[in-house]
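Undergrad:
Number of protein chains: 2
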Amino acid sequence: MGSDGRRVRIAVDAMGSDSGPEVVVRGAISAAQAAGDELSVTLVGEEGAIWQALTDSRARDLPIFVSHARQQVEMGEKAQRAFRRKRDSSIAVCAALVREGAADALVSAGNTAAVVTTALLSLGRMRGIARPAIASVIPTSRGRCVILDVGANADCKPIHLYQFAQLGRIYAERALGISAPRVGLLNIGEEPTKGNAVTQAAYRLLDADREALGFIGNVEGRDIFAGRADVVVCDGFTGNVILKLAESLASVARRVFREEVRRSPFYSLGALLVRPAFTGVASRLNYEEHGGALLLGTRGVSVIGHGQSSSRAIRNAILVAARSVRGGLEAAVLEAMGAGEAAAATGG
Amino acid sequence: MGSDGRRVRIAVDAMGSDSGPEVVVRGAISAAQAAGDELSVTLVGEEGAIWQALTDSRARDLPIFVSHARQQVEMGEKAQRAFRRKRDSSIAVCAALVREGAADALVSAGNTAAVVTTALLSLGRMRGIARPAIASVIPTSRGRCVILDVGANADCKPIHLYQFAQLGRIYAERALGISAPRVGLLNIGEEPTKGNAVTQAAYRLLDADREALGFIGNVEGRDIFAGRADVVVCDGFTGNVILKLAESLASVARRVFREEVRRSPFYSLGALLVRPAFTGVASRLNYEEHGGALLLGTRGVSVIGHGQSSSRAIRNAILVAARSVRGGLEAAVLEAMGAGEAAAATGG
Numbered sequence: 010m011g012s013d014g015r016r017v018r019i020a021v022d023a024m025g026s027d028s029g030p031e032v033v034v035r036g037a038i039s040a041a042q043a044a045g046d047e048l049s050v051t052l053v054g055e056e057g058a059i060w061q062a063l064t065d066s067r068a069r070d071l072p073i074f075v076s077h078a079r080q081q082v083e084m085g086e087k088a089q090r091a092f093r094r095k096r097d098s099s100i101a102v103c104a105a106l107v108r109e110g111a112a113d114a115l116v117s118a119g120n121t122a123a124v125v126t127t128a129l130l131s132l133g134r135m136r137g138i139a140r141p142a143i144a145s146v147i148p149t150s151r152g153r154c155v156i157l158d159v160g161a162n163a164d165c166k167p168i169h170l171y172q173f174a175q176l177g178r179i180y181a182e183r184a185l186g187i188s189a190p191r192v193g194l195l196n197i198g199e200e201p202t203k204g205n206a207v208t209q210a211a212y213r214l215l216d217a218d219r220e221a222l223g224f225i226g227n228v229e230g231r232d233i234f235a236g237r238a239d240v241v242v243c244d245g246f247t248g249n250v251i252l253k254l255a256e257s258l259a260s261v262a263r264r265v266f267r268e269e270v271r272r273s274p275f276y277s278l279g280a281l282l283v284r285p286a287f288t289g290v291a292s293r294l295n296y297e298e299h300g301g302a303l304l305l306g307t308r309g310v311s312v313i314g315h316g317q318s319s320s321r322a323i324r325n326a327i328l329v330a331a332r333s334v335r336g337g338l339e340a341a342v343l344e345a346m347g348a349g350e351a352a353a354a355t356g357g
Numbered sequence: 010m011g012s013d014g015r016r017v018r019i020a021v022d023a024m025g026s027d028s029g030p031e032v033v034v035r036g037a038i039s040a041a042q043a044a045g046d047e048l049s050v051t052l053v054g055e056e057g058a059i060w061q062a063l064t065d066s067r068a069r070d071l072p073i074f075v076s077h078a079r080q081q082v083e084m085g086e087k088a089q090r091a092f093r094r095k096r097d098s099s100i101a102v103c104a105a106l107v108r109e110g111a112a113d114a115l116v117s118a119g120n121t122a123a124v125v126t127t128a129l130l131s132l133g134r135m136r137g138i139a140r141p142a143i144a145s146v147i148p149t150s151r152g153r154c155v156i157l158d159v160g161a162n163a164d165c166k167p168i169h170l171y172q173f174a175q176l177g178r179i180y181a182e183r184a185l186g187i188s189a190p191r192v193g194l195l196n197i198g199e200e201p202t203k204g205n206a207v208t209q210a211a212y213r214l215l216d217a218d219r220e221a222l223g224f225i226g227n228v229e230g231r232d233i234f235a236g237r238a239d240v241v242v243c244d245g246f247t248g249n250v251i252l253k254l255a256e257s258l259a260s261v262a263r264r265v266f267r268e269e270v271r272r273s274p275f276y277s278l279g280a281l282l283v284r285p286a287f288t289g290v291a292s293r294l295n296y297e298e299h300g301g302a303l304l305l306g307t308r309g310v311s312v313i314g315h316g317q318s319s320s321r322a323i324r325n326a327i328l329v330a331a332r333s334v335r336g337g338l339e340a341a342v343l344e345a346m347g348a349g350e351a352a353a354a355t356g357g
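The listed protein sequences derive, respectively, from chains A and B. Numbered continuously in our numbering, the first sequence closes out at residue 357. Numbered continuously in our numbering, the second sequence closes out at residue 357.
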């Protein structure tokens with residue numbers, strides 16, 4: 010429930026999936042079922058298609074609503090252009106619902122750049138944030154970690170990375186419930202002098218604020234899945250490459266293992282017995298289980314899936330959005346940014 | 010054998026491993042055994058320690074020699090400084106052996122920056138190459154791919170990435186025997202306009218030379234392990250992060266699987282039966298099996314391991330060096346760079 014006891018209301022872009030609205034609708038139904046009375050979903054998009062998908066399912070009696078949007082942003086479309094020309098796209102309508110207070114958060118698996126641009130221009134950037142970032146949660150051998158930015162900013166300045174550390178820390182605390190998160194700067198060596206020009210300068214900024222940020226220094230590629238940090242800070246180019254690589258691992262490992270198992274009937278028997286353990290591994294390492302990516306630094310709460318999201322991924326994205334609203338993420342960021350400004354002003 | 014029928018002669022930095030010279034010596038012995046009569050190894054470093062490790066083993070009758078170096082570059086040491094002050098370090102002596110024609114290639118698992126600097130300043134940069142790059146081979150579900158740069162250049166310009174494509178292509182052909190390798194630019198979207206400022210500009214350079222380079226366009230994080238390209242081009246920051254991440258995967262997957270298996274005796278039985286298949290997977294995905302990273306763009310052939318290299322990794326690094334010498338890698342790069350210059354001069 011929201012802080013005032015009412016349901017958390019999520020606006021979901023029903024047109025965002027590559028596989029059509031059915032996948033999104035199934036995900037929404039599953040999320041509403043899982044959340045019991047605490048959640049309501051408004052599906053936004055082409056009304057006819059959404060109702061069609063809804064009648065097929067056990068959606069009755071669930072708090073699911075439909076809001077019509079007559080346009081749709083395509084995957085390849087330029088974000089700025091789409092924002093200007095398609096004022097009635099499903100993404101734009103989702104953002105409008107949040108802006109007008111009719112929804113607490115939006116979830117879209119559509120064109121990422123369009124979601125970022127729409128959130129930025131329609132909901133607005135938070136005061137004190139130079140660049141909003143997309144934070145994603147990836148599984149590690151010890152649990153999970155937040156990595157940001159994973160795609161909103163391909164080129165970053167040191168101050169952006171510094172702010173990503175602030176944002177990531179709050180996300181880890183408020184949405185994942187990690188107390189005193191360890192924040193690492195993704196780099197190519199442990200020493201402060203390692204890295205490219207941007208990470209070297211970012212290290213100095215972060216190091217100067219080590220305690221307040223929970224900064225533990227540089228982390229390397231090998232530290233990510235090993236779970237050395239709860240928050241991994243990087244530019245959106247590196248983060249996006251890593252995220253997509255991580256997403257592909259489960260299926261690559263499965264394919265290679267299946268090939269090996271075919272070499273002997275004994276292996277096949279073993280594989281049969283061990284399958285539940287495998288399912289456990291797959292589930293722990295499966296990106297979809299960990300929900301969507303959160304846009305941080307804009308007003309409201311926006312969760313971004315990707316176009317190939319399964320209904321399970323959509324479900325989890327909706328639940329992450331709800332948890333972020335309940336955790337008071339937006340207020341916490343606003344407060345921290347205010348505090349950050351005050352600290353900067355006094356040289357703290 | 011070298012092209013003139015004699016043995017390929019490899020100078021190996023015996024002081025480069027974190028675990029001491031024994032590991033390197035064992036790797037050298039194993040490589041010499043595997044290569045039969047085609048290879049000779051000169052172990053370079055503190056003579057006493059090397060001889061000690063050699064008497065412990067079945068090194069007799071193998072073409073293994075020792076060359077004394079009274080200094081050693083430490084892991085944390087600044088590369089330029091080490092080059093100036095430690096003229097008799099094991100890395101410097103290896104490079105001198107190659108420069109003077111007493112060895113065909115060098116292998117070191119020492120301080121990477123020191124190896125790069127020494128190779129660059131002692132052996133010299135190839136004509137037409139703006140920046141040497143480190144190319145590594147990583148396993149994919151379809152086989153393997155070359156990724157470069159993985160750490161020599163944290164900040165790159167578009168022309169550097171273009172040249173990495175040229176270098177990587179030749180490496181894939183000459184050292185890995187891949188005919189008509191597919192070269193991809195690592196990026197965060199398939200479209201030419203995606204990416205950061207450097208990859209956007211690099212795309213245009215590569216695209217203009219699409220056929221000659223075997224350029225297949227942008228590849229994303231998910232495409233690397235899926236084997237969509239034989240050569241993946243990126244800056245040294247991104248490449249290093251990915252390489253270290255890839256190296257860590259085997260151990261992370263093993264740990265998570267072991268935890269899952271412990272949950273039931275049935276799983277354990279299955280795991281026992283399936284273990285050989287697992288070993289197959291581990292071996293296919295194991296970075297060590299694929300040898301060291303090759304420095305491309307300097308004269309001679311230099312292979313760089315990392316300080317945590319096992320003797321198996323050292324062995325494979327030596328065999329990669331030998332294969333690169335036999336494949337005529339250096340001559341092929343020189344020729345291609347000459348051709349590249351000619352093409353550029355005629356606007357081709």
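Where is the CB? At the ideal position from N, CA and C, for every residue including glycine. A quick note: this is a predicted structure, and the numbers were derived from the prediction, not measured.
1. State the start and end residues of the unbroken alpha helix (DSSP H) segment that holds B:C103.
2. So, does the CB of A:L258 fall closer than 8 Å to a CB anywhere in chain B?
3. Assuming A:S39 is part of the alpha helix (DSSP H), what are its boundary residues?
4. Could you round the C-beta distance between A:V228 and A:V207 to whole angstroms and report it? I think they count as a contact, below 8 Å.
5. Give the interface partners of B:T403 over in chain A, defined as CB-CB distance under 8 Å, in chain order.
6. Hey, would you say A:L222 sits closer than 8 Å to A:V192, going by beta carbons?
7. Relative to chain B, which residues along the segment 163-188 of chain A have a C-beta separation below 7 Å, given in chain order?
8. Indicate the three-state DSSP secondary structure (helix, strand or coil) for A:V75 in the structure shown.
9. Give a yes or no on whether the C-beta atoms belonging to B:V116 and B:A326 are separated by under 8 Å.
10. Whose Cβ in chain A lies nearer than 7 Å to the Cβ of B:I233?
11. Mapping DSSP to helix, strand and coil, what is A:L338?
12. Taking the beta strand (DSSP E) that A:D22 falls in, what are its first and last residues?
13. Grouping DSSP H, G and I as helix and E and B as strand, with all else coil, what is B:I197?
14. Under a three-way DSSP split, which group does A:L157 fall into?
15. Against chain B, with Cβ distances strictly below 8 Å, would A:L304 count as a contact?
16. Using 8 Å as the limit for Cβ to Cβ distance, is B:A161 near chain A?
17. Looking at the C-beta of B:L195, does it have a partner C-beta in chain A at a distance below 8 Å?
18. Keeping to the same chain, check which residues put their C-beta closer than 7 Å to that of A:L195; ignore five residues upstream and five downstream.
19. Does the Cβ of B:E200 have 16 or more other Cβ atoms within 10 Å, making it buried, or fewer, making it exposed?
20. Three-state secondary structure (DSSP) at A:C331?
21. Between the C-alpha atoms of A:I179 and B:D216, what's the straight-line distance to the nearest angstrom?
22. Which full runs of the beta strand (DSSP E) of 3+ residues lie inside the segment 145-191 of chain B, going along the chain?
23. Using alpha carbons as the reference points, say which of B:A161, B:A189, B:S98, B:G133 lies closest to B:T121.
24. Over the uninterrupted beta strand (DSSP E) stretch that includes B:L115, give me the two end residues.
25. Along the segment 93-120 of chain A, where does the CB come closer than 8 Å to a CB of chain B? Name the residues.
26. Can you pull the chain A neighbours of B:E365, defined as C-beta to C-beta under 9 Å?
27. Mind listing the chain A neighbours of B:G230? Cutoff is C-beta to C-beta under 8 Å, in chain order.
28. Roughly how many angstroms separate the alpha carbons of B:T64 and A:G236, rounded to a whole number?
29. Whose Cβ in chain A lies nearer than 8 Å to the Cβ of B:G204?
30. Based on Cα-Cα distance, which residue from B:D113, B:A174, B:S150, B:R35 lies nearest to B:A345?
31. Just the C-alpha distance for A:A351 and A:G137, rounded to the nearest angstrom, thanks.
TA: In short, the structure shows the following:
1. For this step, residue 103 of chain B is matched to residue 94 along the second sequence. Taken as a continuous stretch (DSSP letters only), the alpha helix (DSSP H) holding B:C103 covers 99-108.
2. Within the first sequence, residue 258 of chain A is the residue found at index 249, counting from 1. Cβ-Cβ to chain B under 8 Å: yes for A:L258.
3. Reading the first sequence from its first residue, position 30 is the one you call residue 39 of chain A. Taken as a continuous stretch (DSSP letters only), the alpha helix (DSSP H) holding A:S39 covers 30-44.
4. Within the first sequence, residue 228 of chain A is the residue found at index 219, counting from 1. Within the first sequence, residue 207 of chain A is the residue found at index 198, counting from 1. In fact, because the Cβ distance is near 16 Å, the residues do not count as touching under 8 Å.
5. With chain B covering only 10 through 357, there is no way to say anything about residue 403 of chain B.
6. Here residue 222 of chain A refers to the residue found at position 213 when the first sequence is read from its first residue. Here residue 192 of chain A refers to the residue found at position 183 when the first sequence is read from its first residue. Between A:L222 and A:V192, the CB-CB gap stays under 8 Å.
7. So the close ones are A163, D164.
8. Against the first sequence, residue 75 of chain A aligns to sequence position 66. A:V75: strand per DSSP, three-state reduction.
9. As a first step, residue 116 of chain B must be located in the second sequence, where it is residue number 107. As a first step, residue 326 of chain B must be located in the second sequence, where it is residue number 317. Yes, they are a contact pair.
10. Indexing the second sequence from 1 puts residue 233 of chain B at position 224. Going along chain A in sequence order, the residues near B:I233 (Cβ under 7 Å) are L254.
11. Residue numbering aside, residue 338 of chain A sits at position 329 when the first sequence is read from its first letter. In this structure, A:L338 counts as helix in the three-state DSSP scheme.
12. Walking along the first sequence from the start, residue 22 of chain A turns up at place 13. From DSSP, the beta strand (DSSP E) with A:D22 extends over 17-22.
13. Counted from its first residue, the second sequence places residue 197 of chain B at position 188. Reduced to three states, the DSSP call for B:I197 is coil.
14. Here residue 157 of chain A corresponds to residue number 148 of the first sequence, with the count starting at 1. Strand, per DSSP.
15. As a working mapping, residue 304 of chain A is identified with position 295 in the first sequence. So no, A:L304 is outside the interface.
16. The residue you call residue 161 of chain B lines up with position 152 of the second sequence. Chain A contact via Cβ: absent.
17. Residue numbering aside, residue 195 of chain B sits at position 186 when the second sequence is read from its first letter. Yes, contact with chain A.
18. One-based indexing of the first sequence puts residue 195 of chain A at position 186. So the qualifying residues of the chain are V228, V241, V242, C243, T247.
19. Here residue 200 of chain B is taken as the residue at index 191 of the second sequence, counted from 1. So B:E200 counts as exposed.
20. Counting from one through the first sequence, the residue named residue 331 of chain A turns up at place 322. The question names Cys, but residue 331 of chain A is Ala in the sequence shown. Three-state DSSP puts A:A331 in a helix.
21. Working through the first sequence from its first residue, we reach residue 179 of chain A at position 170. Working through the second sequence from its first residue, we reach residue 216 of chain B at position 207. Taking the straight line joining both Cα atoms gives about 42 Å.
22. 153-157
23. Translated into positions along the second sequence, residue 121 of chain B becomes position 112. The candidate whose alpha carbon is nearest that of B:T121 is B:A161.
24. As a working mapping, residue 115 of chain B is identified with position 106 in the second sequence. Its beta strand (DSSP E) spans residues 114-117.
25. none
26. Lying before the first or after the last residue shown, residue 365 of chain B is absent from chain B, which here runs from 10 to 357.
27. Position 221 of the second sequence, counted from the first residue, corresponds to residue 230 of chain B. Those within 8 Å of B:G230 in chain A are N249, V250, I251, L252, K253, L254, A255, E256, S257.
28. Within the second sequence, the letter at position 55 stands for residue 64 of chain B. Within the first sequence, the letter at position 227 stands for residue 236 of chain A. Approximately 42 Å, taken between the alpha carbons.
29. Stepping through the second sequence from its first residue, residue 204 of chain B is reached at position 195. Result: A163, F246.
30. Here residue 345 of chain B refers to the residue found at position 336 of the second sequence. Per the Cα distances, B:A174.
31. The count along the first sequence starts at 1 and reaches residue 351 of chain A at position 342. The count along the first sequence starts at 1 and reaches residue 137 of chain A at position 128. Because the pLDDT of A:A351 is 46, which lies under 50, any placement of that residue in the model is unreliable, and the question is left without a value.
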